[in-house]
Structure formats: structure tokens, C-alpha cells
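Residue numbers (this note's numbering), protein chains in the order written: chain A, 24 to 380; chain B, 104 to 383; chain C, -16 to 277; chain D, 23 to 418.
A quick write-up on the structure given underneath.
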Amino acid sequence: MDKDKRKDLIIALALIALLFVVVVVLEQLLPRTSMLFTVLKKGSIYALVAVSMNLLNGFTGLFSLGQAGFMLLGAYTYAIFTIPMEQRAVVYQYYDGGIIQFSVPVFVGIVLAGIVAAIFAYLIGLPVLKLKSDYLAIATLGFAEIIRALFQWDKLGGLTNGSNLLRRFPVFKSSIFPIAVSAICIAIIVLLINSTYGRAFKAIRDDEVAAEAMGINLAHHKRMAFTISSFFAGISGALLAMFQTTVQASQFKSAMTYEILLIVVIGGIGSITGSCISSFLFIACSEWWLRFLDNAETYIGSFHVPLLRPGFRKVVFSVVIMAIVLLYQRGIMGDKELSISGIRKRLAERKKKKVKP
Amino acid sequence: MNKTVLEMNDITMQFGGVVAVNSLTMHVDQGEIVSLIGPNGAGKTTAFNVITGVYPPTNGNVFFNGNKIVENYPHGKMKKLYAGTDNGKYTEHIEPTPDQITRLGIARTFQNIRLWKSQSVFNNVLIAKHMLRTSNVFTATFHLNAAEEKRQREETAELLNILGLYEVRDNNCTSLPYGLQRRLEIARALATKPSLLLLDEPAAGMNPQETIELTDFVGKIRDDFKLTVCMIEHHMDLVMNISDRIYVLNFGALISQGTPAEVQSDPSVISAYLGEDENA
Amino acid sequence: MGFLQTNLPYLLAGISTGGQYALIAIGYTMVYGILRLINFAHGDVFMCAALMVIYSASYMPLYISLPLAIVATGVLGFAIERVAYKPLRTAPRMSAMISAIGMSYLIQNLALYVTGGLTKYYPPVPFISDSIEIFGAMTKRVTIITPFVTLVLIVVLVNIIKYTKIGIAMRAVSRDFETAQLMGVKINSVISATFVIGSLLAAIGSTLFFSNYTGVTPTVGGMPGLKAFVAAVFGGIGSIPGAVIGAFIIGICENIIKGLGWTTFSDAFTFVLLIVVLMFMPTGLFGEKATDKV
Amino acid sequence: MKKLIAVLTVLLIASALVFAGGNGESSGSGKKVVKIGVYEPASGDNGAGGKQETLGIQYANAITPTVTINGTEYEVQLVIVDNESSNDKAVTAASELVSKGVSLVLGSYGSGVSIAAADTFASAEVPAIGVTCTNPQVTLGNDWYYRICFLDPFQGTVLANYAKDTFGAKKAYALAKLGDDYSVGLCNYFIKAFEALGGQVIYETFPEGTSDFAAYVTNAKNGGCDVFYSPVSIEAAALIIEQANTQGLPMPILAGDTWDSNVVLAAAKGTNVSISVTTFFVEGSTDKQITDFVDGFKGYLASNATALTNNGGNDEIAAVTAMGFDAYYVALEALKKAGSTKGADIQKILPGVTYKGVSGDIAFDKNGDAVRNVAYVKKVDNATGKWQFVSVQSVK
């Protein structure tokens, strides 16, 4: 059995490697401006934040709606610390070049983004994590809103540039970069979930009282899950900043958290692969595949397609979402994972069926 | 005489004006099996919850192996509502959380089964060993604790073997028959390596055959794991068969205590149970 | 300028927004009390009510279109419950909430599609939209009327819940869903009634709100909705008096904050207040203490 | 049932792919096609303004649908995308344009989205011509972004001078929207200029989604200010005017080019609120080019119901429409001059492109900004609900 596991792992790694190769090849073949790459970039960033949210909502049973706030922290941290010195005067034009007068390399910036988000999460977690279910949700949502207001405050302008855009920080060109960073982060989260701590998180989710009675320190573990989740949300915030090339606090509204929550639920609460798949589907649908619905001048032959005009895409998109939510209540994957061994089992079952008609 | 493992003094537990446990004093000695019986709502589970830190008592304290682990006295809103006498003997607030109690070596099971429903039988036991870990989240995530992980898995397998659950280790815990779920709860509690085991109605919902098996089983694990057992139970034959001593509660108050024979003949116990089926 | 004249406008604006939040918050708190569901689409129902008035008012006189829109909003609330929540009655709570978020998305996007993304302006309602002067402070009459309308409606509502059959059923359901069902309470009609009442109140709230602040955009329901929800949590979700008191406190505080010049934090302050309250009273001002039975 | 739905969903997505793929090909007429991207908000806070700007471009496209590049006649196809007035949708909207293979881009109304998308256009080597995005940061340090409008430091100074000279203002109340580069920037330059003139400013911001402006108007009254300066989006403008009217705001309102919109006129009609704005274009000229544009555009609105709705339901011409109109011709000039439809070629010659439009002469300086040194000041006539031309202002 262990042999099988190892084999599965190798196959999975090989598939992931193949995926990277495919992306690299595609980047050479297709024009760099193809929407496919936009979707790949944004999708991988959202996959990371969706998985980090799943770690909380799906695996620890903590209903938190603070994800946008932690992404904001990550995005700002990254931007603030990586804007090159010579650009600071331009970016912080209203604040005399800002108060930070150094800049750090990209990778340091990304890690720093995670750390700052994690520190904030730790502090916020101290009072908030005592709350139960919906009260926790609304309190974390509230904290995200407070953080957003704080970062727009002009008294902090030297640091945050007030409510103005931060830009001119290093960004990525190739979609390999966000995919790779997300993949590494998600792999770490998977390792965590399969470790003894991950099992403890699941125990807390399944039955808090029993978990506590079996010696699991609730406060400690909840805080840990919250902090780790925010760390990765912060990193995805940094990636999002790089993707958008600009950062502004007003982007990180509660609507963003809802979007991520939708991705998590559509993928299946408690399924990492589900979150990943659904984030790519979600982004592709909302940004790419349905765009044609916005075009009022659409003809099939000479037939002028009615109803199509700007905004119709979003109507269709939300109808699709509602249909998924209502008909697939447990999401695409439920709480299962897409795995090589799972597929192997399926195939084996199928073979059996064929043998015995 | 054996050493006293657990000692409860003057424990009163009030929820608002409702007195769930009234000035309960009891003790459990090393290696004993002590039962706590009484009609429904007598405050037995509440007594367990006080010991395990689920809620702090309104008054009284608890000693475990000679160390004070819980103590409280009426204060705040409770001061006005408190029904008993505050003799000033209790002056500290020691309000541990349940996990701290478990770390001290007191493990429990639940009246209504509380297994981790999404997990396999094996994992249910393995997770209970989490508190014995020395690895931190970093070393655990990056598999720097392989030796510990391996050891705990072996221990879990061994435990499942002893309790006769090894065959079903990969099944989801909810797929087990009722009796085995109860047994798994005990296995899970044992996984924390306790010295005192609190069983909350281990035979509830079991058929007579299963109950008889359980009687042997409790005695066996007491001997095998060198445990002290305190048990809440309604099945009188089970209680009378295996208990060394029995405490009887009614409306939160202790009405009788002693060996099974003594309790059985106590008129106040009979009147408390009057009209109730002995085997309920 | 006298002290009163300087500061009265803030207080007036606060009381009036408070009243409007209260009318929305009741919808949140009643639904939560019964279904344990945060009805995220409620703020959008509030927005829809306004759009219906705007569109119908261009075809018919206001005294017909207003009541019509209010009734239509009640129907909308009913329909939302039937389409989005009823199929999920037995699903995990998270699913119902996601359905609510999805519904909110759908309504907003429909409104975006219908309005073409342009702001629509609420027709002036005679009498209540007029400017008046009290103690030297100029304001709209609606500002003065709102708290009274709110209080009257709440008294009516409380009496409905206390004395009518459906009200008693509502209380039974919110106390214990399963038992009420077993005792023969028609759960579906109770839930529908709750949604209809909540939506009607939101529609009235929307009339008051948009007579004062006339611009209607697809997302205009978001902030008032969120704040009303915060008010409901603040007062202890499930409790009607709690929601009303919470709403007034939030409305007034918010305007005082603006008056003090902390305008950047006028929205965030609502949440600060909420978190502070939750720290000391984890279930809000009047919330029932939930104890997990072990 | 579920399977059926699943199949339908897959079909839908698949058809979407086919559509999306089929969209980018050349038109049926067989003519060569050059694509111009229109990067404008059609929804969100700046939806109304964005639509009016788009109208100008569409009208220009309707009367001049072709361009001759290097002797070949090309059909000009507009690729319109909605950036939703939101900086976080900006990048994907811009990528969408770029992926459709546009030669150059016009827009956007609202500086924030333009700044946010600037790098996307630059990295795809698609030049962009800003129509009414006035914040200096749009073009600063970006060789691919040009613009045909004046800049905020200029506009802010004009307004500060105007406040001082015309209203004798000593104290001003400035109100901006949090996180909106346009209003925050314009307030900043106004404050600098006004304080340099010896004035005092109370500066406040409101968060997104605000519909209750009562407290802000009260703050301005209580602060004893002489002018209410609020260069915000027109959605907020209507609400501010409403509230100012309710409370009887005893001071004039000043604003920038965004307020030159019929939404503002509609809100101000029949009230006592005095409103003055700086803008790019005035309707009342007798210049042939301008009267042609005005008459032609009004005819276009009359014949096109959708266009009329997008213009806010009446045929008042917003300055942004005139700017959009000019921007289109600047784009055509650039295409002609470059003799190519490749973005990189167009970018090389753009600095040298000049054009005389309805809003005045257009040429670019070394930053890529328009060389403009005059702004028009207009005032609302509360009785008729029309604009009144006040003066031409410039800064020495």
C-alpha cells in the first residue's frame, strides 16, 4: 500500500510538472496578451486565498469573513516595502516620498506580506476567536472594514499613501510566477492539513467540545489556524498587488471576501482541490468566457440576439452561481479530494464492472 | 489504604437559580471503580463537567492526586443567587480549561457520543494523541517529526488492537455499530494516557449482551491500563457488578454512598428510584 | 450660531438614519431568529423596493405606485425565500448563507442590467420630501417623521408577534424549530410570513431612506444593509427591541463621528462599536446566551 | 436532473468559448479592420460619465467609420469594455482589450482606473490616449499613456483662483471620496493653491457607498466656509446638491470637469444652490466645427434611443462627450501618421500628433500630456437648468 502511495505521489508531481511545462509552452506559442494568461494568473492567486480560507472555514470550522482584510495587509506590505527608491517620490507625491526610505527584494517583500498579515491576525484573533459562528463572522468582517478605513486614513499617508494608489513596485510578467508561488503555498497548506495539527483542526471542526476534552487547546489551535490562514492570505494579497500592478485599499471590500467564500463553497467546503478548480472556473467565467454576453451587437447569422448588453454577463453569471449553489449543495468536490489514488480506485471499479456484466 | 486520586469538596453548581449540584463531596481512590448513580437530572453529568473544567463550580474545589485543580467561590452575579452557605473555605479562582484537565491525566467519554464524525476510527484515536506531541506546527508540517508520528501511529494501532477495533480502523467512525462507537470513545480517552477515566453512561442504548461485555471490558481496561474509573450509569446490574463503591445523587444532592450492597438496601435510594424502572 | 443650531442637524440625521436602519434590521433579526440565517440579500431587497418605486412612478401616480411597490417588495421577499432558501432547509447552514450571498449577487446584477449602471433618482414624495426648519436647522420633513413611523411600526409588529396566531407560531419556531414542526406549526407559512414582514418593513424603510438620500444605484443597499445587520448583531441577533436600539445607537454615533470630522472612519466606526460590544457581551446587548450542552 | 444541468452548463461554457473565439475575427464586409479599444466605465460610480464619454467616441465613429492608412482603407471597429469604475476590475478589463488585439486605447473617464491599467497597456505595447483623466500620475513616467485634457494641478489652481477672485473666499470646505484618485488629487492641488493665496481649508473625505451627505453639508456650514469645493463623481454630486438644497447651503459649490454633466443640471434645476465648474468645452460657440458637432450630435441622440438614455435622457452635451469625440479623431490622426496598426509604431509618432478639435487645439508635451492652458468656467442657471458660460480662465 505504501508503494502505491509513493507511486501516486510521483504521478501527481509529474502531472504538476507537466502542467508547468504546458504553461511555459503556451506562453511561447500564444500571444502574451491572451486572456488565458490573465485567467491563469488571477485564478492561481484566488486559488491560494480560497485554500487559505478553506483552511479556516472548511478544516477548522471557524467561520471567518476577514480574508479581504488580510489580503489588503499583504498587498500593502508588499507594495510599501518593494517600491524602488527612485520611484518613491512619484508614488508618494502628496507625502514627500513617504517615510520608508529603503526597499527590499521581491521575495523578502512577499514573505513580509505574509508575516504582517499573520501578526495582525494574531492580534485580532486574541479577542475575536472567542466568539461563536456568526458573531465571529461579523466581527472578522468588521475588522477587515476597520483595516480598510485605517489604510485610507491620510494621517498614515507617509506609510500608506492615504487613499491613493500605490504602484511602481516590481511585478511579474510570466504567469509561471504566481502559479509557482501559489502552488508552493498550497502544498505547504496541504502538508499542514495532513499533519497532526491539521488533524487537530479537523477535530475542532467536527466537535469542539470533544476536541477540548481530548486535550486540544482550543484557543491555541484556533489562533494558529487563523494566523496561518492569514499568512497565506497575505501572500496572495502580495501576488494580487503584483497582478494588478497597483494597490488601493478601496479594492478590498467585503464583496471580495464574499467572492472568495463563493469560490470555496462552489469547490466544496473542506476540499483543497475543489477550491483550486473552482477558483479557475470562477475567474474564467467571470472574466473571460461570458464576456461575449456584454456585447450588444451580437448576431447569429442575421439574427440580432436579444437581451445582450453590458451587464448581461453578470446576470448570467449569478444565475449560474445560484444554480450551482442550489443543485450542488456540497459543491463540485464535496469534502473529497481529487487524487490519483481516487482516480485509480474509480478506474478499478469500472474495470470490475466491465468484467462482471 | 489506597491513595485518594480524586477528591471533590462541597461542589455546588448553580445555573442562575437552578441548583444542579448541591454541596457534593466525594472521593475516588487508586484503582477503584466508583459509580455515580441517580435519576435523570440528578446532576451527575454536571459533576463530571465540573471536574473536567467545562464550567467552573459555583462553590467548592477538586483535588487530583493531591493537587488542587479546581476551586471557586460565589462571586459576581452568583453571590446574590447562591443557595448554599459560603463558609469562606474556598478563596481561589482556579478555572482550568478542559484540555488542561486532560493533560493532568483525567480523560472522559460523553453521554451522547461525540466522536469526530468525519474521521476514521484510526484517526479518532490518533488525534487524541495530539496533546502528547512534542513537535510544533513547523516541524509537524514539514515532516521533521517522522519518528514521533511513527511512534504514535504504532501506539494507536496497538490500542485499537487491545480494544478489538483494529479490524475496523479504516472505517468512518459513524459507520460503526453503537456499541463499538462507545468503545471507540473509550479508546480515544485512553489514547491520552490518563490515570483517571470518567465514563458518562457507557452502556446507554446498549442491549443486554453488549452490556455484559462492557462489564468485563471496563474491569479489563482498569487492570490493563492501571486506571481508576469513575462512571455514571443507569444499568443497575452493570453498576452493582463492577463498582467498588457507589454514590447516589438526587436533585443535585448526595443521598447515599457506600458499597453496592449498602446502597441497595438504603431506603432513601429506594424512595428516590420509586416508580422508576431499575433497568431504565 | 447657537449650540443647538450647530449640532442639531447631526442628531436629527442620526435619529432618522437610525430609524431607517431599524426597519431594515428587523428583517435581518427576524429571519435569523427563525432560520439562523444571515439573509445577505435583505439589503438588496431594500434597494429593489426603491427601484420599483422609481420605475412604477413613471407610469402611475405616486399614491398608487408607492403602496404597489411596497406590496411587490413583500412578494419579492416571499419569492426569494421560496427560490433560494427553501430548497436548502435541510442543508448545512453555510449553504443557505452562500445562497443568500448568491441571491444578493443576482439581485444586484439584475438591477445593474436593468438600470444600465446609471444612478436612478427617487421621485420626490409630496409632504415628506419637503424642507422644513426646526430650531434653525434645515432638514427634510422625512427626518422628523422617520423615528415616529419606525416606532409605530415596531409597536404594531410587537403586537402581531405577541397576540396573533402567526406571531405565536413565529415565536414557537424561533424557540425550537423541530418541536414546533412536530407540534403541527406550519413551518413554511411561518417562514414565508417572516420574510414578507421583513421585506415590507424594508420597503417602508427604503421609502424613508431614499426620500432623504435620493440616488439609487445597484449597490446602494450594501452599506445600509450591512449596518442594519451590524445593528441586529449589536442588539443581540434574534431580538427585535435589540435590533431597534442597536440601529438607533449606530445611526446617531455614525453622524456624531462625521460631525467630529472623523469622516474617514464613519463606516469603520460602526464595526469598532460592534467589536467592543461583542468583546464584553459575546451575544450582543439582548441576545440569548447560547450554551453548548455537553 | 443534476446530470442534465451539468451537461447544460458544460454546453453553455463551450458555446461561450466558441463565441469568445469567434469574436475577434474580421467583420463580414471584407474590408480590413483596425480596432480601437474604448476603455470606459459603464457601471459603478463613474458609469454615467463614462457612458457620455463613450457616446462621443461612438458618435465620431458613426460619422467617420473608416480611416485610410498607407493608402488602404480600414474599417474602424470600436472594442468597448466596461472597467466598472473600479481599480480592481481595471486590469482584467484592460487585458481583455489587449487580448482582442486593439491598436490603441481611448479612455478612461476617472483617473484611478487609468492609472491602474497603465502598466497593462504599457507592457502589452498598446498606446493609450486618456480622454478626461486629469490626474498627473496617469502619464507620469509612462511612455505609453497620452492624454488630451488638462491636468489637475492646473484645474485645481484655476478653481482656487476662481474661488478667491469671484467669491472672495477666505475659507473653503473641500470634500473628496476616499480612495478616488481624481477627487483626492484635485482637492490636494486646490488646497495647495488656495492656501498659497492665503486661504484656509477644511478637508474631509467620505467613504465609498455613502449616500448620506447631511453631516458633510452641516460640517461645511458649521465651519463657516465660503465655498464648498467638491470635485467628486456625479453620482455623489446629485446627492450633495440635494442635501445642500435641503439644508439651504449658504455658499456656492465649486467642482471640476466631472460635474459638467446633465445629471448635475437636473439635480440643480429649481433649487437655490449655486454651482460653478471648470470644464473643457462650451456649447455656445459659433465656430463652424463646433456647431456642426453640436447639431450633429443632437441629431444622433434624437435618432438613437439607447444613446439618448446613455446621455441621461436629454440632449444636453457634456464636455466629456466633446472630449471623447476629439479623442477619436486624434486616434485616427495617429493611425494615419504612423501608417501602421501596430501599437509600437503608433506610440513612436504620437508625440508629434496634433489636431484641432471641438474642444480646442490638441498637441502633446514631453510627458504625453496635452498642451492646454485654458479652462472654461460654467455656472448652473437654476431656473432653466442649463449651463451659463462664465469665463475663460488660465494660469500664468
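All C-beta atoms, glycine included, are put in the ideal place defined by N, C-alpha and C.
Inset, instruction - Identify, in the order they occur along the chain, each residue of the same chain with its Cβ nearer than 8 angstroms to the Cβ of C/Arg76, setting aside the five sequence neighbours on each side. - result: Taken in chain order, the residues that qualify are Arg19 and Leu20.
Inset, instruction - Check whether the region 93 to 111 of chain D touches the region 56 to 69 of chain D, taking contact to mean three or more Cβ pairs, one atom from each stretch, closer than 8 angstroms. - result: With a cut-off of 8 angstroms, the region 56 to 69 of chain D and the region 93 to 111 of chain D count as touching, because enough Cβ pairs lie within range.
Inset, instruction - Would you verify that the beta carbon of D/Glu264 is, or is not, closer than 8 angstroms to some beta carbon of chain C? - result: Judged by the 8 angstroms Cβ criterion, D/Glu264 is in contact with chain C.
Inset, instruction - Starting from A/Glu310, find everything on chain D with Cβ-Cβ shorter than 7 angstroms and list it in chain order. - result: Residues of chain D passing the Cβ test: Thr114.
Legend entry - Meets three-Cβ-pair contact criterion under 8 angstroms: the region 130 to 143 of chain A and the region 36 to 56 of chain C: Taking one beta carbon from each stretch, the region 130 to 143 of chain A and the region 36 to 56 of chain C have fewer than 3 pairs nearer than 8 angstroms; the two do not touch.
Inset, instruction - Quick one: using the 10 Å Cβ neighbour count with 16 as the cut-off for buried, is C/Ile115 buried or exposed? - result: C/Ile115 counts as exposed, since fewer than 16 other beta carbons sit within 10 angstroms of its beta carbon.
Legend entry - Simplified DSSP state of C/Ile290, which is helix, strand or coil: Given that chain C is displayed from residue -16 to residue 277, the structure contains no residue 290 of chain C and the question cannot be resolved.
Inset, instruction - Would you tell me roughly how many angstroms separate the C-alpha atoms of C/Ile240 and A/Met279, rounded to the nearest one? - result: Cα to Cα, the separation comes out at about 27 angstroms.
Inset, instruction - Kindly indicate the opening and closing residues of the beta strand (DSSP E) around D/Lys408. - result: Lys408 to Gln415 is the span of the beta strand (DSSP E), which, as asked, contains D/Lys408.
Legend entry - Environment of C/Lys210 [buried if 16+ CB atoms lie within 10 Å]: Here C/Lys210 is buried, its C-beta having at least 16 other C-beta atoms within 10 Å.
Legend entry - Simplified DSSP assignment, three categories, for B/Asp319: The answer is helix: DSSP assigns B/Asp319 an H, G or I state.
Inset, instruction - Check whether the Cβ atoms of D/Pro253 and D/Phe189 lie closer than 8 angstroms to each other. - result: It is not a contact, given that the beta carbons lie outside the stated cut-off.
Inset, instruction - Below 7 angstroms between beta carbons is the criterion; list the residues of the region 210 to 228 of chain D that meet it against any residue of chain C, in chain order. - result: Using a CB distance below 7 angstroms, the part of the region 210 to 228 of chain D facing chain C consists of Glu226, Thr227 and Phe228, ordered along the chain.
Legend entry - 7 angstroms Cβ cut-off: residues of chain D touching C/Thr(-11): Within 7 angstroms Cβ-Cβ: Asn244.
Inset, instruction - Compare the beta carbon distance of B/Val153 and B/Val124 with 8 angstroms and say whether it is the shorter of the two. - result: In terms of Cβ geometry, B/Val153 and B/Val124 form a close pair [threshold 8 angstroms].
Inset, instruction - In angstroms with no decimal places, state the Cα-to-Cα distance between C/Asn(-10) and D/Glu264. - result: Near 20 angstroms, if we compare the C-alpha coordinates of D/Glu264 and C/Asn(-10).
Inset, instruction - Output the distance between the C-alpha atoms of D/Gly152 and D/Tyr96, rounded to the nearest integer angstrom. - result: In a straight line, the C-alpha of D/Gly152 is about 23 angstroms away from that of D/Tyr96.
Inset, instruction - Answer yes or no: do D/Val103 and D/Pro87 have a C-beta to C-beta separation smaller than 8 angstroms? - result: No, these two residues do not count as a Cβ contact at 8 angstroms.
Inset, instruction - Establish whether the CB of C/Phe254 and some CB of chain A are separated by less than 8 angstroms. - result: Yes, C/Phe254 lies at the interface with chain A (some Cβ there is under 8 angstroms from its Cβ).
Legend entry - Whole-angstrom C-beta distance between D/Phe386 and D/Ala344, which should lie under 8 angstroms: D/Ala344 to D/Phe386, Cβ: 19 angstroms. No contact.
Inset, instruction - Return no unless some Cβ of chain A is closer than 8 angstroms to the Cβ of D/Asn332. - result: False, the Cβ-Cβ gap to chain A never drops below 8 angstroms.
Inset, instruction - Ignoring anything shorter than 4 residues or poking outside the region 99 to 142 of chain D, list the alpha helix (DSSP H) runs there in chain order. - result: If we require 4 residues or more, the alpha helix (DSSP H) runs fully inside the region 99 to 142 of chain D come out as 109 to 121.
Inset, instruction - Please check if any C-beta of chain A sits within less than 8 angstroms of the C-beta of B/Asp380. - result: Reliability fails at B/Asp380, whose pLDDT of 48 lies under 50, so the model's placement of it is uncertain and the value that follows must be treated cautiously. No, B/Asp380 lies away from the interface with chain A (no Cβ there is under 8 angstroms from its Cβ).
Inset, instruction - Report all residues from its chain with a CB closer than 6 angstroms to the CB of C/Ser(-1); omit the five preceding and five following residues, and keep chain order. - result: In chain order, Thr126 and Thr129 place their CB closer than 6 angstroms to the CB of C/Ser(-1), counting only its own chain and leaving out the 5 sequence neighbours on each side.
Inset, instruction - Keeping to the same chain, check which residues put their C-beta closer than 8 angstroms to that of B/Val342; ignore five residues upstream and five downstream. - result: Cβ contact annotation for B/Val342 (same chain, cutoff 8 angstroms, sequence separation greater than five): Ser138, Ile140, Met334, Glu336, Ile349 and Pro363, in chain order.
Legend entry - Touch test, the region 268 to 284 of chain B against the region 239 to 254 of chain A, Cβ-Cβ under 8 angstroms, three pairs minimum: Verdict: no, contact absent.
Inset, instruction - Taking D/Ala340 as part of the beta strand (DSSP E), name the residues at either end of that continuous run. - result: First-last for D/Ala340: undefined, no H or E at that position.
Legend entry - Cα-Cα separation between B/Asp347 and B/Asp327, rounded to whole angstroms: Straight-line spacing of the CA atoms in B/Asp347 and B/Asp327 works out to 17 angstroms.
Inset, instruction - Compute the Euclidean distance between the alpha carbons of A/Gly180 and D/Thr313, then round it to the nearest angstrom. - result: Going by C-alpha positions, A/Gly180 is about 47 angstroms away from D/Thr313.
Inset, instruction - Starting from the C-beta of A/Asp177, find all residues in its chain whose C-beta is less than 8 angstroms away, skip the five residues before and the five after it, and write them out in chain order. - result: The answer, listed in chain order, is Gly185 and Ser186.
Inset, instruction - Decide if the region 105 to 116 of chain B is in contact with the region 129 to 136 of chain B; the criterion is three or more beta carbon pairs, one per stretch, under 8 angstroms apart. - result: Yes: at least three Cβ pairs fall under 8 angstroms.
Legend entry - Proximal residues of chain D, C-beta to C-beta of C/Tyr104 below 7 angstroms: Neighbours of C/Tyr104 on chain D, chain order: Ala260.
Inset, instruction - Can you tell me which of the three DSSP states B/Phe166 falls into? - result: DSSP places B/Phe166 in strand when its eight states are reduced to three.
Legend entry - Buried or exposed (CB count within 10 angstroms, at least 16 for buried), D/Thr179: D/Thr179 is buried by the Cβ-count criterion.
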